[in-house]
Structure formats: structure tokens, C-alpha cells
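Asker: Under full-length UniProt numbering, think of the first position of the sequence shown as 1, with each following residue one higher.
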Amino acid sequence: MRNAILLTDRMWSFDFSTVLQVFDGDISPIQKTDNTLDIIAATPRVRLDHRIIVGASPLPAPNGYDLVVVPGIAYPNPLLDETSDSYRNLWDGQTSCEMARTWLRRAHACGAEIASLGTGSFFLGWCGLLDDTRVTTHWMFGDALQHRFPKALVETDVLFSHDETKRIWTCGGGSSSLDLCLTLMRRQYGQAVNAAASRTLLVSSARGESSPQYIPEKSKASEHRGADLSAITIPVLSHPEFPWSVESMAQLGNMSTRTMQRRFKQEYGKSAIQWLLEERLTLACELLETTTLTTGIIAKRVGMSSSDLLRKNFQSHLGTSPAEYRKAHIARS
1 MRNAILLTDR
11 MWSFDFSTVL
21 QVFDGDISPI
31 QKTDNTLDII
41 AATPRVRLDH
51 RIIVGASPLP
61 APNGYDLVVV
71 PGIAYPNPLL
81 DETSDSYRNL
91 WDGQTSCEMA
101 RTWLRRAHAC
111 GAEIASLGTG
121 SFFLGWCGLL
131 DDTRVTTHWM
141 FGDALQHRFP
151 KALVETDVLF
161 SHDETKRIWT
171 CGGGSSSLDL
181 CLTLMRRQYG
191 QAVNAAASRT
201 LLVSSARGES
211 SPQYIPEKSK
221 ASEHRGADLS
231 AITIPVLSHP
241 EFPWSVESMA
251 QLGNMSTRTM
261 QRRFKQEYGK
271 SAIQWLLEER
281 LTLACELLET
291 TTLTTGIIAK
301 RVGMSSSDLL
311 RKNFQSHLGT
321 SPAEYRKAHI
331 ARS
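1) Buried or exposed: which applies to Asn-194, given that a residue is buried once 16 or more other Cβ atoms fall within 10 Å of its Cβ?
2) Short check: CB of Leu-90 to CB of Ile-114, under 9 Å?
3) Rounded to whole angstroms, what is the Cα-Cα separation between Ala-54 and Arg-134?
4) Specify, as a first and last residue, the run of the beta strand (DSSP E) that Ile-52 falls within.
5) Taking only the alpha-carbon atoms, compute the straight-line gap between Phe-123 and Ala-231 and give it to the nearest angstrom.
6) If you measure between the beta carbons of Met-1 and Leu-67, is that distance less than 9 Å?
7) So Cys-285 packs on Gln-191, CB below 8 Å; how close in whole Å?
8) Distance, Cα to Cα, Ile-73 vs Ala-197?
9) How is the alpha helix (DSSP H) around Ala-196 delimited, first residue to last?
10) State yes or no: is the C-beta of Pro-240 within less than 9 Å of the C-beta of Gly-296?
11) When the Cα of Leu-178 is compared with those of Ala-112, Val-69, Ser-238 and Met-249, which residue comes out closest?
12) My guess is that Leu-7 and Ile-39 are in contact by the Cβ rule of under 8 Å, so how many angstroms apart are they, rounded?
13) Using alpha carbons as the reference points, say which of Leu-182, Met-140 and Asp-132 lies closest to Lys-166.
14) Given Asp-15, which residues of its chain have a CB within under 6 Å of its CB, disregarding the five upstream and five downstream residues?
15) Please name the residue in Thr-291, Gly-111, Asp-92 and Gly-319 whose C-alpha comes closest to that of Gly-125.
16) Can you tell me which residues form a DSSP beta bridge with Cys-171?
17) How many angstroms separate the CA atom of Glu-324 from the CA atom of Gln-188?
18) Is DSSP giving Val-19 helix, strand or coil here?
19) Kindly indicate which residue of Thr-36, Glu-247 and Arg-10 has the alpha-carbon position closest to the one of Arg-47.
20) Looking at the secondary structure, which residues open and close the alpha helix (DSSP H) in which Leu-283 lies?
21) State the start and end residues of the unbroken alpha helix (DSSP H) segment that holds Val-302.
22) Under the criterion of a Cβ to heavy atom distance below 8 Å, does Gly-111 qualify as lining the ligand FMN?
23) Just the Cα atoms here: how many angstroms apart are Thr-292 and Ala-152?
24) Using a beta-carbon distance below 9 Å, is Met-260 in contact with chain C?
25) Locate the beta strand (DSSP E) running through Glu-113, then write down its first and last residues.
26) So the candidates are Thr-136, Cys-110 and Leu-309; which of them puts its Cα closest to the Cα of Pro-60?
27) According to the neighbour-count rule (16 or more other Cβ atoms, all chains shown, within 10 Å of its Cβ), is His-317 buried or exposed?
28) Distance check for Ala-272 and Ala-42, CA to CA, integer angstroms please.
29) Could you check whether Leu-159 and Leu-180 sit closer than 9 Å to each other, using their CB atoms as the reference points?
30) Which residue or residues does DSSP assign as beta-bridge partners of Met-11?
31) Grouping DSSP H, G and I as helix and E and B as strand, with all else coil, what is Val-236?
32) With a Cβ-Cβ cutoff of 9 Å, do Glu-278 and Leu-237 count as a contact?
33) Using a Cβ-Cβ cutoff of less than 8 Å, which residues in the same chain neighbour Leu-287 once the five nearest sequence positions on both sides are dropped?
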């Protein structure tokens with residue numbers, strides 16, 4: 001895979017370092033021979049926040065990239081001023097930024113997927129890439145993004161968004177930048193590599209696209225005391241083969257099924273059973289990648305009664321069969 005981080009001045013170092021750690025850090029499980037991560041800019045040095053200066057390679061030919069990541073903006077307050085176009089001062093008239101814009105447009109036209117982290121979505125909009133595109137950003141900047149780019153399909157109630165047709169990924173920034181990077185890693189290198197990275201980064205698993213960005217304080221304050229979902233998720237993930245039900249899962253957390261369902265919806269953006277099914281499918285993917293076990297054995301190990309049920313769930317949720325998934329991973333490896 002050939003990936004790149006596209007930088008301009010005043011981008012956020014947190015986002016930059018997140019991409020580096022996942023795709024190219026010393027702790028990354030990706031084999032260096034299988035991965036290229038280019039740090040590119042229109043200038044040889046880029047100034048991020050906290051006086052951090054990063055050396056960058058010149059903008060290369062735009063063809064041949066699988067993914068280009070655009071970090072968020074370090075000092076984004078001008079984006080909130082809807083009464084003026086002051087946000088354009090971040091990039092307009094700056095030769096280096098306009099060169100980066102031209103390059104990103106061409107890379108996208110050549111087939112690269114584009115991912116922005118947090119307020120990096122505004123840069124994508126400035127580049128003209130958000131028309132009729134599903135997109136998200138940090139919840140504080142959602143209204144401003146919609147105001148600046150009225151043709152964008154802004155949704156601020158999700159951690160990250162993927163417009164498959166437009167090949168555009170966006171996220172809310174902050175910790176969701178890690179969720180998105182791990183999701184992109186899984187798509188490129190498979191679940192086994194993703195799981196290894198998650199364990200090293202002390203992340204149980206990347207939160208899904210539909211997970212909510214923000215839980216108002218009022219909702220959190222009214223929750224049942226001691227309603228910690230880890231009391232449910234850890235035992236369930238340790239024994240996925242068990243025939244878990246809503247009732248048995250709620251008993252683990254010492255809460256009612258109604259409270260548990262509400263907590264899962266708040267934390268993961270889905271019901272407990274939907275969460276369980278997705279975790280079982282994730283484990284099945286890892287077993288298909290790393291073992292030669294039959295689909296029947298894998299089905300039982302992940303808590304599905306038969307290979308037919310495993311195949312049905314793969315088709316409906318992943319759009320492929322277990323056999324085709326394994327074959328595609330072998331070809332990719």
C-alpha cells in the first residue's frame with residue numbers, strides 16, 4: 001500500500017502523530033516492505049502547533065496513492081465565524097496551500113481515497129471535494145461546515161463517515177482520529193494486523209462509524225450508578241462462543257435490559273445484539289486470516305450455530321462470503 005499525509009502550516013500535531021503511530025510507527029505491526037507512508041507538502045518544512053516543525057518531501061506525482069490523509073487545523077476558531085470568510089485566510093492566496101489543493105484534487109481524480117481528521121474536513125471543502133458527499137467533523141464545527149459548504153451532506157452525530165461512492169472518509173477528530181486510522185488499517189491490511197495494533201495501543205477495538213460523538217452531561221448524570229459496560233463487554237469478548245442473550249448480558253452488568261440497551265446505544269451507537277454480532281464477525285475475520293480452520297469450526301468459535309449462519313451474516317454485513325474474504329486476504333498478503 002502507498003499512503004501519504006498531506007501537510008500545510010498550522011495543522012494539528014496530534015492528528016499527524018496518530019497517523020504516524022498507526023501506519024508507520026515503531027509499534028506498528030505493518031511490515032515495512034508492504035507499506036509506504038509519505039509525508040508530503042509544498043514546502044520542505046511545515047509548522048504545526050506547539051512550535052513543532054516537520055520536514056516533508058516535495059509533492060510527488062499524484063497517481064499511485066491508495067490513501068491520502070489530511071490532519072485537522074490546529075487553531076480552528078476562525079472556522080466558527082459564519083459572518084465572514086476569515087477562514088479562507090488560512091489558505092487563500094498562499095501559494096503552498098494552493099499547490100497542495102491542486103495536488104489533492106489530482107490524487108483523488110487518480111483514484112486515491114481521501115481521509116480528513118477533525119477540522120481537516122474544511123480543507124477538503126476548500127478543495128472542492130465535499131459536494132453531495134457524506135461528511136462529518138467535530139460536533140462544535142458541524143454547523144460552520146454546513147454553512148461554508150452547503151452542498152455537503154454534514155452529519156455530526158457519528159464518529160466518522162465514509163462516502164464510498166466519493167471515496168471520502170471524515171471523522172470528528174480527537175480520539176476518533178485513532179478510530180478512523182485503525183478502521184483504514186483494517187481495510188488495507190486485514191483484521192489480524194488491526195487487532196495487533198489495537199492491542200499495542202491499548203485499544204480494545206476501533207469504535208464503529210455509527211458510534212455517537214457526544215453524550216450531553218445531562219444524559220450521563222442520569223445513568224444508573226455503576227452501569228459500566230466493561231463488566232459486560234470483557235466477559236462477552238472473552239467467551240464469544242457462549243449463546244449470549246440480551247438478558248444474560250444485562251445480568252453481567254447488574255442492570256436491566258432497558259438500561260443496558262440505552263448504554264450501548266450511547267456508547268456504541270447500536271444495540272447490544274448488533275454490537276455482539278459485529279464483534280463476532282470481527283473475530284471471524286481474524287480467524288479466517290490467521291488460521292486454516294474450516295468455516296464450520298470458526299462459526300462455532302465465534303458463537304454462530306453453523307457455517308450457513310456465518311455465511312449469511314458475512315454476506316449481509318460485509319458483502320462477501322467467508323471463503324471469498326479468506327481468498328482476498330491471501331491475495332493481498
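Quick reminder that beta carbons are idealized off the backbone N, C-alpha and C, glycines included.
Answerer: Taking the coordinates as given:
1) buried
2) no
3) In the sequence as displayed, the identity of residue 54 is Val instead of Ala. The alpha-carbon atoms of Val-54 and Arg-134 are separated by roughly 31 Å.
4) Taken as a continuous stretch (DSSP letters only), Ile-52 belongs to no beta strand (DSSP E), as it is neither H nor E.
5) 41 Å
6) yes
7) Rounded, the Cβ-Cβ distance is 4 Å, consistent with contact.
8) 26 Å
9) 191-200
10) no
11) Proximity to Leu-178 across Ala-112, Val-69, Ser-238 and Met-249 peaks at Val-69, based on C-alpha coordinates.
12) 7 Å
13) Asp-132
14) Pro-71, Gly-72, Leu-117 and Ser-177
15) Comparing Cα-Cα distances from Gly-125 to each of Thr-291, Gly-111, Asp-92 and Gly-319, the minimum goes to Asp-92.
16) In DSSP, Cys-171 forms a bridge with Phe-160.
17) 16 Å
18) It is helical.
19) Arg-10
20) Counting along the chain, the alpha helix (DSSP H) containing Leu-283 begins and ends at 272-290.
21) Segment: none, Val-302 is in no alpha helix (DSSP H) and carries neither H nor E.
22) What this structure holds is no ligand at all, so the ligand FMN is not there to describe.
23) Each residue's Cα considered, the two are about 45 Å apart.
24) Structure shown: chain C not included; a single protein chain is present.
25) If you look at Glu-113, you'll find it in the beta strand (DSSP E) that goes 113-116.
26) Cys-110
27) exposed
28) 47 Å
29) yes
30) Ile-73
31) helix
32) no
33) Leu-293, Ile-298, Arg-301 and Val-302
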